[in-house]
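Undergrad:
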Amino acid sequence: MSMTYQQFVDYATDLKSHSDFIDDGWSLCQYQCPMNENYIKYLVKKKIQKMNKYSLKSDHSDSHTENNIPVVCEYHILYNPSYSCPDVFFNMWSTDGKLLSLEHVWSLVHYFLKENVERDKWNAITQEIHPFFSTPFFRLHPCKNTHVLEMLGFSSKNNYEFNPLIAWLSTISPLIGLEIHLSYGNKDSKVEFT
């Protein structure tokens, strides 16, 4: 189960095109690798959004603790050559500029996934150094990304009428607090993905 870098770029370009159409704020950026001077493409989105902080009761039923907390979010979707899959790095700050703690980020995971994350949170969302910028970012572990692609039935050898990057991003979005506009799922794509 793998995605090639060129497939990632094609899917990212399509996502960016639809984002431009609906004014959703995704940018397709380039990073120049200092080792070989190649350019690596990746997606970036920055926005302020209202999020809910969830906690579990002792009986594992969900409960809201705070609603509509304004959070500044920055998402980077990169290609991971080691896992041959998309990879998400993200940061979240309070509106006063303070970086949220890992525990706070875990508390923002959507309530219907909260129990699963609580059981295995160190293997779900962690904090690591961003491979391009050498600064701490939160990250969904790439083995989770390959698992999601497998669940979606992705194969690099198949042709798709939909964008697998969008399907993957829609699936992981509740884990990372990313809002995905519904039109990504029903857009009339003229592109056949291979």
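Position 31 of the sequence shown, counting from 1, maps to 31 under UniProt numbering, and the rest follow consecutively.
Using N, Cα and C, we set each Cβ at its ideal position, and we do this for glycine too.
Does residue 153 pass the burial test, meaning 16 or more other C-beta atoms within 10 Å, or should it be called exposed?
TA: Exposed.
Undergrad: Report the start-end ranges of each beta strand (DSSP E) in the stretch 126-175 that is 3 residues or longer and not cut off at the edges.
TA: Whole beta strand (DSSP E) segments, 3+ residues: 136-140.
Undergrad: Shortest alpha-carbon distance to residue 77 belongs to which of 147, 16, 119?
TA: Nearest of 147, 16, 119 to residue 77, Cα basis: 16.
Undergrad: For the pair the stretch 29-37 and the stretch 1-20, tell me if three or more CB-CB distances fall below 8 angstroms.
TA: The stretch 29-37 vs the stretch 1-20: no contact.
Undergrad: Output needed for residue 95: all residues of its chain with C-beta closer than 6 angstroms, excluding positions within five of it in sequence on either side, in chain order.
TA: Excluding positions up to five away in sequence, the list reads 70.
Undergrad: Taking residue 106 as part of the alpha helix (DSSP H), name the residues at either end of that continuous run.
TA: Unbroken alpha helix (DSSP H) run through residue 106: 102-107.
Undergrad: With a 10 Å radius around its C-beta and 16 neighbouring C-beta atoms as the bar for buried, classify residue 97 as buried or exposed.
TA: Residue 97 should be labelled exposed.
Undergrad: Would you kindly work out how many angstroms separate the C-alpha atoms of residue 161 and residue 45, rounded to a whole number?
TA: In a straight line, the C-alpha of residue 161 is about 25 angstroms away from that of residue 45.
Undergrad: Comparing alpha-carbon positions, which option in 163, 26, 179, 178 lies nearest residue 186?
TA: Minimum Cα distance to residue 186 is reached at 163.
Undergrad: Have a look at the DSSP bridge pairing and note the partners of residue 70.
TA: Looking at the DSSP assignment, residue 70 forms a beta bridge with 50.
Undergrad: If you check the beta carbons only, do residue 125 and residue 138 fall under 8 angstroms apart?
TA: Contact: yes.
Undergrad: Please list, in chain order, all residues of the same chain as residue 222 whose beta carbon is under 6 angstroms from its beta carbon, the five residues on each side excluded.
TA: No answer is possible for residue 222: it lies beyond the span of the chain, which begins at 1 and ends at 194.
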